[in-house]
Amino acid sequence: MANLLEVRDLHTAYGLSKVLFGISLEIAAGECVCLLGRNGVGKSTTMRSIMGLTRPTSGVIRWKGASIAGWAPHRVARAGIGFVPEDRRVFADLTVWENLDVARLVAGRRGDWTPEAVFELFPPLQPIAGRRAGFLSGGEQQMLTIGRTLMGNPELLLLDEPSEGLAPLVVEHLLQQVTALKQRGLTILLAEQGVDFSLRLADRVYVLEKGTVRFSGTSAELRRDEALRNRLLAL
Amino acid sequence: MRRIPWTLLVFAAAFAIPWLGSRFYTFIATDVAILALFALSLNLLLGYTGLVSFGHAAYFGIGAYTSAIFMKTLGLPFWLGFPAAGVAAGLFALVFGCFCVRLTKIYFAMLTLAFAQIVWAICFKWNAVTGGEQGMPNVPYPDLDWIGAIPGLDGFRVGDRFYFLTLVLVALAIVALRRIVHSPFGRVLAVIRENPERAEFIGIDVRRYQLAAFAVAGVFAGLAGALFGIFNRGVFPDFAYWTKSAEVLIMTILGGMGHFWGPAVGAAALTILNLQITAYTQYWPLILGTILIVLLFAFPGGLVGTSVDLFRRVRRGRDAGRP
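Protein sequence lines correspond, in order, to chains A and B.
Numbering-wise (the numbering used here), the first sequence opens with residue 5 and increments by one.
Numbering-wise (the numbering used here), the second sequence opens with residue 412 and increments by one.
Given below as structure tokens:
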């Protein structure tokens, strides 16, 4: 099967401090792939590099066969990659509805997503559509950020640590909602520290350590290999 | 309770000022109306897009010189000179803006200042076109006889007639500005102000929108400049000088950049304060500095922002007291 996204030997640095040392990964259409690893191993940097927010020093990023390394973020977004950052800050001065509407306005991609469809996926957002986004709870903000990204009708969703800082019950809801997205056929690249959340969602896993891929395989393989899990992921 | 149409009331009150019969009041009101438009145009950048321009006077000056050249040098009517001022200022803003939006924050501000200084230097030295240091005195009034022909408006002095014209044009420009900030385009600007990076990855070409805002703000500053040149009976290089940029920045912050009408209130407050205080003392900058310090610490939302907050708090307190 042809890969939707292909990353080859990606190196990225913030100034003099190198963060990624040759990351390679691929995602086929319809897959849910997880980048697993402790804090600071380069999960967010990988996503930021794909998105064009941090320029890689070298390496290849191919989206549907075309090289997109060095593209401006808005071009990457319009090409069909949606990004949900880990600090999930919404546009606080705008209402929930406006946050969604502005994203639809600038999307430049046709598709099925409307504010109503987002409310269907995230019912708690519906009654607070007129509220300023700055007054939402962490879970509501996370839903809104995902919803806002969906308004751009992406083909690939980059979810950076969606469960971080959320209450267990909220995480459980989020898991169901992301699963629903996956069942709709959306391709998802997930970055997570928690093994539970990611293994329940992902088809395949890349375990990162110090800016390199240390393991790649199916979720089932990682679930069986407890020694590997303890070595690479135990806190 | 129905909403009170404040904007209409203010407009009606402003329109009635010439009936007071004081040349002085009309003079101040014209000054305030023009500077209000100038400050509102800056706030499209400052309050709505989050861009601090320290060279907004450049476009005010370009507008003023363009209309003066049209009306005085070329002898063309105001109805050509006025729109030309907006177009010229907008075009220059578009060209300079191309460079400015490549930089961010303080570097953006410095570059806007640099371009404004270049504009000032050209106005100051290009004797053949701008009159150099002497400026262009005696810019003619537009033909205002037709205003006297309107029933109810006959018998006013030329200054009053020009005030009517100014007030209507400024009002139209403000309506246009208000439409812009409440349009989808305005919402995108608000998103950029809140977080340019986030705006970028939901698909917004941030620089292009910033450039568009910069050009639009330039157009309105140019229109204000055109009116000011006629009102001032002459156009001079200091229209584009950096102190003028600072003045409009102070007006905007004094009134409150978080509210649409803030800059207009700031323009009125600063102009009237200036007149009152310079009547008593020559130390206006000292007083202005003190006012600014108090303002920044005690009323960070500006006059309008603070009043709106206070009003909301009072109303909420009253509502809370109800059963």
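All C-beta atoms, glycine included, are put in the ideal place defined by N, C-alpha and C.
Here the structure is a predicted model, which means the values were calculated and not measured.
Sort the options by Cα distance to residue i and report the nearest one.
| i | options | result |
| --- | --- | --- |
| Leu-203 (chain A) | A:Gly-138, A:Glu-124, A:Thr-16 and A:Val-182 | A:Val-182 |
| Gly-112 (chain A) | B:Tyr-552, B:Leu-431, B:Glu-611 and B:Leu-622 | B:Glu-611 |
| Ile-27 (chain A) | A:Gly-115, A:Thr-50 and A:Leu-20 | A:Thr-50 |
| Leu-162 (chain A) | A:Val-80, A:Ser-71, A:Arg-12 and A:Trp-117 | A:Val-80 |
| Gly-636 (chain B) | B:Phe-596, B:Tyr-620, B:Leu-580 and B:Gln-687 | B:Leu-580 |
| Gly-169 (chain A) | A:Gln-197, A:Ala-107, A:Ala-206 and A:Ala-17 | A:Gln-197 |
| Leu-622 (chain B) | B:Leu-487, B:Leu-714 and B:Phe-507 | B:Phe-507 |
| Ile-585 (chain B) | B:Thr-437, B:Leu-451 and B:Phe-489 | B:Leu-451 |
| Thr-240 (chain A) | A:Gly-134, A:Trp-75, A:Gly-46 and A:Asn-157 | Any property of residue 240 (chain A) remains undetermined from this structure, which presents chain A solely from 5 to 239. |
| Gly-629 (chain B) | B:Pro-416, B:Thr-441, B:Val-592 and B:Gly-472 | B:Gly-472 |
| Pro-595 (chain B) | A:Tyr-18, A:Arg-12, A:Trp-67 and A:Ala-107 | A:Ala-107 |
| Leu-179 (chain A) | A:Lys-214, A:Ile-85, A:Leu-29 and A:Gln-146 | A:Gln-146 |
| Leu-638 (chain B) | B:Val-676, B:Leu-576 and B:Gln-693 | B:Leu-576 |
Can you find a C-beta in chain A that's less than 8 Å from the C-beta of residue i?
| i | result |
| --- | --- |
| Phe-746 (chain B) | Any answer about residue 746 (chain B) is impossible in this case: the structure gives chain B only from 412 up to 734. |
| Val-599 (chain B) | yes |
| Pro-595 (chain B) | yes |
| Asn-606 (chain B) | yes |
| Arg-609 (chain B) | yes |
| Asp-571 (chain B) | no |
| Val-719 (chain B) | no |
| Val-602 (chain B) | yes |
| Ile-615 (chain B) | yes |
Which first and last residues belong to the alpha helix (DSSP H) in which residue i is found?
| i | result |
| --- | --- |
| Ile-698 (chain B) | 695-709 |
| Gly-112 (chain A) | Gly-112 (chain A) -> no alpha helix (DSSP H), and no H or E assigned at all. |
| Glu-176 (chain A) | 172-187 |
| Glu-230 (chain A) | 230-237 |
| Pro-595 (chain B) | 595-605 |
| Ser-433 (chain B) | Where Ser-433 (chain B) is concerned, there is no enclosing alpha helix (DSSP H), given that its DSSP letter is neither H nor E. |
| Pro-119 (chain A) | 119-125 |
| Leu-665 (chain B) | 653-666 |
| Asp-565 (chain B) | No alpha helix (DSSP H) contains Asp-565 (chain B), which DSSP labels as neither H nor E. |
| Asp-556 (chain B) | 556-560 |
| Thr-541 (chain B) | 538-541 |
My output table needs one value for residue i: the three-state DSSP class, helix, strand or coil.
| i | result |
| --- | --- |
| Met-155 (chain A) | coil |
| Gly-63 (chain A) | strand |
| Gly-26 (chain A) | strand |
| Gly-546 (chain B) | coil |
| Leu-419 (chain B) | helix |
| Ile-192 (chain A) | strand |
| Ala-679 (chain B) | helix |
| Ser-71 (chain A) | strand |
| Leu-205 (chain A) | helix |
| Gly-645 (chain B) | strand |
| Ser-21 (chain A) | strand |
| Arg-729 (chain B) | helix |
| Arg-136 (chain A) | strand |
| Asp-720 (chain B) | helix |
| Phe-426 (chain B) | helix |
| Leu-684 (chain B) | helix |
| Arg-589 (chain B) | helix |
| Phe-526 (chain B) | helix |
| Glu-225 (chain A) | helix |
Determine, using beta carbons only, whether residue i comes closer than 8 Å to chain B.
| i | result |
| --- | --- |
| Glu-102 (chain A) | yes |
| His-15 (chain A) | no |
| Pro-131 (chain A) | no |
| Pro-119 (chain A) | no |
| Met-55 (chain A) | yes |
| Pro-166 (chain A) | no |
| Asp-116 (chain A) | no |
| Phe-87 (chain A) | yes |
| Phe-95 (chain A) | yes |
| His-78 (chain A) | yes |
| Val-106 (chain A) | yes |
| Arg-228 (chain A) | no |
What residue does the beta strand (DSSP E) around residue i start on, and which one ends it?
| i | result |
| --- | --- |
| Arg-218 (chain A) | 216-222 |
| Leu-212 (chain A) | 208-213 |
| Leu-160 (chain A) | 160-164 |
| Glu-1 (chain A) | Given that chain A is displayed from residue 5 to residue 239, the structure contains no residue 1 (chain A) and the question cannot be resolved. |
Counting only beta-carbon atoms, is residue i nearer than 8 Å to chain C?
| i | result |
| --- | --- |
| Ile-591 (chain B) | No chain C appears in this structure, whose protein chains are A and B. |
Beta strand (DSSP E) segments (min. 3 residues) lying fully within the stretch 27-55 of chain A: 36-40
Output the residue ranges of the alpha helix (DSSP H) runs that lie fully inside the stretch 437-524 of chain B and measure 4 residues or longer, sorted by chain position. The stretch 437-524 of chain B contains these whole alpha helix (DSSP H) runs: 468-479 and 489-511.
Ignoring anything shorter than 3 residues or poking outside the stretch 76-106 of chain A, list the beta strand (DSSP E) runs there in chain order. 85-88
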